[in-house]
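When we follow the numbering used here, the leftmost residue of the sequence shown carries the number 121, and every step to the right adds one. For glycine and all other residues, C-beta sits at the position ideal for the given N, C-alpha and C. First up is the structure itself, then whatever we jot down about it.
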Amino acid sequence: MADVVVVGLGAFGSAALWRLAARGLDAVGIERQGIGHAFGSSHGATRLFRVACMEHPGLTAIARKSLALWTELGEWTGETYVRQTGSLNVGAPESRPVKGVRAAAAAAGAVTTELTHDELHEQFPQYNLAPEDVAIWDPDAGICYAEPTVRAHVAAAVRLGATVYPHTMVTGIEVRPDGVRVRTPTTTITADQVVIATGAWLSKLVPGPALSPRRTPLFWFQPKDPASDAFRLRNFPSFIWEFADGRGLWGHGSDEDFGVKVGLDGAERDRDIDPDELDRYIHPRKDIAELSAAIADHFPDLDPEPVKLMPCMVTDSLDGQFLVGRYGDRVLIAGGDSGHGFKHCAGIGELLAQQTTKETPYTDVSFLDPHRFQR
Ligand SMILES: Cc1cc2nc3c(=O)[nH]c(=O)nc-3n(C[C@H](O)[C@H](O)[C@H](O)COP(=O)(O)OP(=O)(O)OC[C@H]3O[C@@H](n4cnc5c(N)ncnc54)[C@H](O)[C@@H]3O)c2cc1C
Numbered sequence: 121m122a123d124v125v126v127v128g129l130g131a132f133g134s135a136a137l138w139r140l141a142a143r144g145l146d147a148v149g150i151e152r153q154g155i156g157h158a159f160g161s162s163h164g165a166t167r168l169f170r171v172a173c174m175e176h177p178g179l180t181a182i183a184r185k186s187l188a189l190w191t192e193l194g195e196w197t198g199e200t201y202v203r204q205t206g207s208l209n210v211g212a213p214e215s216r217p218v219k220g221v222r223a224a225a226a227a228a229g230a231v232t233t234e235l236t237h238d239e240l241h242e243q244f245p246q247y248n249l250a251p252e253d254v255a256i257w258d259p260d261a262g263i264c265y266a267e268p269t270v271r272a273h274v275a276a277a278v279r280l281g282a283t284v285y286p287h288t289m290v291t292g293i294e295v296r297p298d299g300v301r302v303r304t305p306t307t308t309i310t311a312d313q314v315v316i317a318t319g320a321w322l323s324k325l326v327p328g329p330a331l332s333p334r335r336t337p338l339f340w341f342q343p344k345d346p347a348s349d350a351f352r353l354r355n356f357p358s359f360i361w362e363f364a365d366g367r368g369l370w371g372h373g374s375d376e377d378f379g380v381k382v383g384l385d386g387a388e389r390d391r392d393i394d395p396d397e398l399d400r401y402i403h404p405r406k407d408i409a410e411l412s413a414a415i416a417d418h419f420p421d422l423d424p425e426p427v428k429l430m431p432c433m434v435t436d437s438l439d440g441q442f443l444v445g446r447y448g449d450r451v452l453i454a455g456g457d458s459g460h461g462f463k464h465c466a467g468i469g470e471l472l473a474q475q476t477t478k479e480t481p482y483t484d485v486s487f488l489d490p491h492r493f494q495r
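Below is the structure:
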């Protein structure tokens, strides 16, 4: 009998498997697809890495834990998992990025810098700002590398003794007084505990938490002038920008060959999808027109036609926070990523490992308690 089975090896599950194996536990990981695949929520080259998180001040400790763990992993593998080039949170003084990041930084003791409209315009001429726009600079932020990190988590777990079954779908989980039975089409694995981290598919294995998977394509662009340095990562670091109408853009520049990543927030469509029926086609009018128009208005030196695109999903919870922790006897879950989970995944993997072994968690995570909606 294994100590723990982790079901789903995307961002959250791969990190949990690594942190469980790092404790010397007999850990088994089961993934329906290949490791680092492009059919869930953790694919594409990069994600924004932020430390002062407008979503909740409690997330700062988790982002910092991810950074520490990834630094340690990088010393082992020789790879880089985070590039800290700073990040801009842009909008009117009352906008969510500006107000939310200021409050989160103050609560979490994160150092940030305020930029006036004129300073922002002078330092970042790529932005076609509204007159009221100001910014908060988060110097510890940057980008993290998505698919390589998932693969590195799993490789580290295997080196530490974990067993991994890729291309294996879990079809049922049965909790008994003497252990958990995790069924696949070919075998049943028994374990003391199970961590279920199946992303957009969480509700299919765990009835209860109200989760809403949402189709969210990824897009990459190029500067109009291919010789321009204006959209290199060092000159165009990661950003979140909220407009007066509540929509917004997020993204970052690139020193590598994958292009300038930009996405649109606030487009109300494709919610409550069945992840098994995700529409993987990209539709020029539906998917691209609104984003291209926003880019033409706000970054006039970027070519508004994307050079690359991929479908992806986020899974929204009722309050925009993850669901992480014990969900029943022998069962822990990690899901409801709500579109901002990657930067926290190593820290969440560590929390899951701590909860599995009944260690004291390194930070208070009551705001992520999966039972919070039932109270
Ligand atoms: C467009 C976009 C932009 C984003 N931007 C950012 C960002 O800038 N910063 C940030 O921090 N986060 C960002 N995110 C969010 C981040 O990518 C997610 O929070 C994270 O990838 C969620 O990981 P997960 O492990 O929950 O899901 P997944 O990576 O999808 O993992 C779930 C895994 O479970 C497997 N699985 C499902 N069912 C079964 C089964 N029955 N048996 C076995 N395996 C199963 C799936 O195949 C999958 O591999 C973004 C997301 C998207 C889509």
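**OP:** Identify whether Q474 lies in helix, strand or coil by the three-state DSSP scheme.
**Re:** helix
**OP:** For the alpha helix (DSSP H) containing P217, list its first residue and its last residue.
**Re:** R216 to A228
**OP:** Could you tell me which residues DSSP puts in a beta bridge with N209?
**Re:** I256 and I360
**OP:** Could you tell me whether any non-hydrogen atom of ligand 1 is closer than 7 Å to the CB of E151?
**Re:** At a cut-off of 7 Å, the beta-carbon of E151 counts as near ligand 1: some heavy atom of the ligand is closer than that.
**OP:** Answer yes if the segment 462-469 comes into contact with the segment 132-149, meaning at least three C-beta pairs across the two stretches below 8 Å, and no otherwise.
**Re:** yes
Original post:
Do M289 and ligand 1 come close, with the Cβ less than 7 Å from some heavy atom?
Top reply: yes
**OP:** Would you list the one or two residues that DSSP bridges to P333?
**Re:** T435
**OP:** Label S134 either buried or exposed according to how many other C-beta atoms from any shown protein chain fall within 10 Å of its C-beta, with 16 as the threshold for buried.
**Re:** buried
**OP:** Using the DSSP secondary-structure output, state which residues sit across from G292 in a beta bridge.
**Re:** R303
Original post:
Hey, is the segment 283-295 in contact with the segment 232-245, meaning 3+ C-beta pairs nearer than 8 Å?
Top reply: no
**OP:** May I ask you to check if the CB of M174 is nearer than 7 Å to at least one heavy atom of ligand 2?
**Re:** Absence of ligand 2 from the depicted structure is noted, with ligand 1 being the only ligands included.
Original post:
By how many angstroms is the C-alpha of D449 removed from the C-alpha of V295?
Top reply: 8 Å
Original post:
Within 10 angstroms of its Cβ, does Y247 collect 16 or more other Cβ (buried), or is it exposed?
Top reply: buried
Subject >> Three-state secondary structure assigned by DSSP to V274 >> reply: helix
Original post:
Okay, do the segment 484-494 and the segment 186-197 touch, 3+ Cβ pairs below 8 Å being the bar?
Top reply: no
Original post:
Cβ of M174 within 8 Å of Cβ of V221?
Top reply: yes
Original post:
Excluding the five sequence neighbours on either side, which residues of its own chain have a C-beta within less than 6 Å of the C-beta of W496, listed in chain order?
Top reply: Because residue 496 is not part of the residues shown, which for the chain are 121 to 495, the question remains open.
Original post:
Are the Cβ atoms of V278 and V300 separated by less than 8 Å?
Top reply: Contact flag unset, no.
Original post:
Got a sec? Which residues, its chain only, sit under 7 Å from D484 by beta carbon, not counting five neighbours each side?
Top reply: So the list reads G178, once near-sequence residues are dropped.
**OP:** Please classify G386: does DSSP put it in a helix, a strand, or coil?
**Re:** Coil.
Original post:
Who are the Cβ neighbours of R184 in its own chain at under 7 Å, not counting the five residues just before and after it?
Top reply: V171
**OP:** Go through its chain and collect everything with a Cβ distance to R216's Cβ below 8 Å, but skip five positions before and after it.
**Re:** M174 and E362
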